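Engineer: Residue numbers (my numbering), protein chains in the order written: chain A, 90 to 220; chain B, 2 to 281.
Note that CB positions come from ideal geometry on N, CA and C, so glycine has one too.
Note that the structure is predicted; figures quoted are calculated from it, not measured.
Below is the structure:
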């Protein structure tokens, strides 16, 4: 097809939705790439999304050193976003990260999968709350 | 590529002296091909006159592509003469739904109390195909479908032939998810309309009207112009005219669209029933 590839419509709508939230939220596509985070998340991440750009979600999230309340590294497969991406089901967990300003923060994270009309898996929404 | 507009009114037919110039029939476009086959986009009331013309021409192979099943894009199908001819083959393409097939949803329009006959009574050989899927190719035409922003499952089409490109987006509200400041891949239908020679785009409302109808699934003239600019399309054809708009009001909207269009692009045009357009 001689066209620029466009995002799946559900992702476009999800971006419009999360960009209007005051709650930090981000989007990853079905490939597992971070494709957008909102202004509220920029506050935590410490960078505008435009400076980050699309990047593999696991590479990006590693910068925040996710760990348990007991300071143990949080295995990738236990992270809500990874569960939503790999198992295509919702997941929720409280854990600890080091945010861009170097401050250790406890956060609650909820991730849920997005399915288009045809039950085609198109990505995930990840919402997080600072405690 | 040759196009003929058989209907360009939005929402509901609007016949009368005040709409005589641009027409009152709802959406229907014919894309002409040379091998005895007809390609039709949407089955608004404009398809009735097209059907009579196809019968007169002896056309017996028809591909009908439906953007969606709101009545103004479907209501003419029951009165499409080729459907009532057993020698005709019609392939109907349209958006899949999460709850029922295209076939089942179209059959509803052919049943009491909406219609006296059942689809079983239709003599033409009709098959149904769900979209989006792989691009469809025939007779030198490539047609690509993708979901676009409008309430319910709704498609837009990109039609390519001999290096010319048409984008058909009769019911589309891209502003709801953003146009300005977005790269084309993040704009609804940005891929379908990218660098198109001609975009037939929903332009139902003035800017003032749109302010009270956000979320209804239609665009203002200003948003249609902004969409074409954002995706790098060459020319906008204002389509899906509001039924309350007289010919005079439509011409005012055309002037508004031209004023908003940069000098480096061709001036927007109002779609008109009976209008023919040639691309490439």
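Spatial neighbours of residue 134 of chain B within its chain, please: C-beta separation below 6 Å, excluding the five flanking residues on both sides.
Structural biologist: none
Engineer: For a contact meaning CB atoms closer than 8 Å, what does residue 150 of chain B contact in chain A?
Structural biologist: The contacting residues are 98, 101, 102.
Engineer: To be precise: take each residue of the stretch 150 to 184 of chain A, compare its Cβ to all Cβ atoms of chain B, and keep it if any distance is under 8 Å. Which residues remain?
Structural biologist: none
Engineer: What three-state label does DSSP hand residue 125 of chain A in the structure shown?
Structural biologist: strand
Engineer: For residue 83 of chain B, does the three-state DSSP call read helix, strand or coil?
Structural biologist: helix
Engineer: Take the Cβ of residue 116 of chain B as the centre, count every other Cβ of all protein chains shown within 10 Å, and call the residue buried at 16 or more, exposed below.
Structural biologist: Burial state of residue 116 of chain B is exposed, judged by a 10 Å Cβ sphere holding fewer than 16 other Cβ atoms.
Engineer: With distance defined between alpha-carbon atoms, name the residue in B/109, B/213, B/258, B/141 nearest to residue 230 of chain B.
Structural biologist: B/258
Engineer: Hey, how far is the Cα of residue 167 of chain A from the Cα of residue 133 of chain A?
Structural biologist: 21 Å
Engineer: Kindly indicate which residue of B/281, B/280, B/276 has the alpha-carbon position closest to the one of residue 29 of chain B.
Structural biologist: B/276
Engineer: Quick check on residue 18 of chain B: does DSSP put it in helix, strand or coil?
Structural biologist: helix
Engineer: Does any residue of chain A bring its CB to less than 8 Å from the CB of residue 186 of chain B?
Structural biologist: yes
Engineer: Below 8 Å on C-beta distance, what does residue 147 of chain B contact in chain A?
Structural biologist: At a beta-carbon threshold of 8 Å, the residues of chain A lying near residue 147 of chain B are 95, 98, ordered along the chain.
Engineer: Counting only beta-carbon atoms, is residue 154 of chain B nearer than 8 Å to chain A?
Structural biologist: yes
Engineer: Compare the C-beta of residue 265 of chain A against all C-beta atoms of chain B and say whether one is closer than 8 Å.
Structural biologist: Nothing can be reported for residue 265 of chain A: it is not among the residues displayed for chain A, which extend from 90 to 220.
Engineer: Curious, which full-length beta strand (DSSP E) runs of at least 3 residues does the stretch 66 to 147 of chain B contain?
Structural biologist: If only uninterrupted beta strand (DSSP E) runs of at least 3 residues are considered, those enclosed by the stretch 66 to 147 of chain B are 90 to 96, 126 to 132, 137 to 139.
Engineer: Quick one: Cα of residue 109 of chain B to Cα of residue 265 of chain B, how far?
Structural biologist: 47 Å
Engineer: Using the Cα positions of residue 125 of chain B and residue 59 of chain B, report the straight-line distance between them to the nearest angstrom.
Structural biologist: 14 Å
Engineer: Using three-state DSSP, classify residue 200 of chain A as helix, strand or coil.
Structural biologist: strand
Engineer: Please report the distance separating the alpha-carbon of residue 54 of chain B from that of residue 41 of chain B.
Structural biologist: 13 Å
Engineer: Would you mind reading off the limits of the beta strand (DSSP E) that contains residue 184 of chain A?
Structural biologist: 180 to 187
Engineer: Could you tell me whether the Cβ of residue 178 of chain B comes closer than 8 Å to any Cβ of chain A?
Structural biologist: yes
Engineer: Are there three or more Cβ pairs, one per stretch, closer than 8 Å when the stretch 216 to 225 of chain B is compared with the stretch 160 to 177 of chain B?
Structural biologist: yes
Engineer: For residue 105 of chain A, which residues in chain B fall below 7 Å Cβ to Cβ?
Structural biologist: Those are 177, 178, 179, listed as they occur along chain B.
Engineer: Assuming residue 51 of chain B and residue 93 of chain B are in contact, meaning their beta carbons sit under 8 Å apart, how far apart are those beta carbons, in whole angstroms?
Structural biologist: Rounded, the Cβ-Cβ distance is 15 Å, inconsistent with contact.
Engineer: Under DSSP, the alpha helix (DSSP H) around residue 191 of chain B begins and ends at which residues?
Structural biologist: The continuous alpha helix (DSSP H) containing residue 191 of chain B extends over residues 191 to 194.
Engineer: Using the beta-carbon of each residue, which ones in chain A are nearer than 7 Å to residue 189 of chain B?
Structural biologist: Result: 98, 101.
Engineer: When you compare the CB positions of residue 155 of chain B and residue 76 of chain B, do they come within less than 8 Å of one another, or not?
Structural biologist: If you check the CB distance, residue 155 of chain B and residue 76 of chain B do not come in under 8 Å.
Engineer: Going by C-alpha to C-alpha distance, which of B/278, B/46, B/106, B/211 sits closest to residue 153 of chain B?
Structural biologist: B/106
Engineer: Are the beta-carbon atoms belonging to residue 49 of chain B and residue 242 of chain B less than 8 Å from one another?
Structural biologist: no
Engineer: For residue 119 of chain A and residue 196 of chain A, I'd like the C-alpha separation in whole angstroms.
Structural biologist: 24 Å
Engineer: Excluding the 5 residues flanking residue 279 of chain B on each side, which residues of the same chain have their C-beta closer than 8 Å to its C-beta?
Structural biologist: 2, 3, 4
Engineer: Contact between the stretch 182 to 194 of chain A and the stretch 231 to 238 of chain B: three or more CB pairs below 8 Å?
Structural biologist: no
Engineer: Taking the beta carbon of residue 215 of chain B as the centre, do at least 16 other beta carbons fall within 10 Å, making it buried, or is it exposed?
Structural biologist: Label assigned to residue 215 of chain B: exposed.
Engineer: Do you know how far the Cα of residue 212 of chain A is from the Cα of residue 101 of chain A?
Structural biologist: 11 Å
Engineer: What would DSSP say about residue 58 of chain B, mapped onto helix, strand or coil?
Structural biologist: helix
Engineer: Against chain A, which members of the stretch 191 to 208 of chain B pass a CB distance test of less than 7 Å?
Structural biologist: 191, 192, 193, 195
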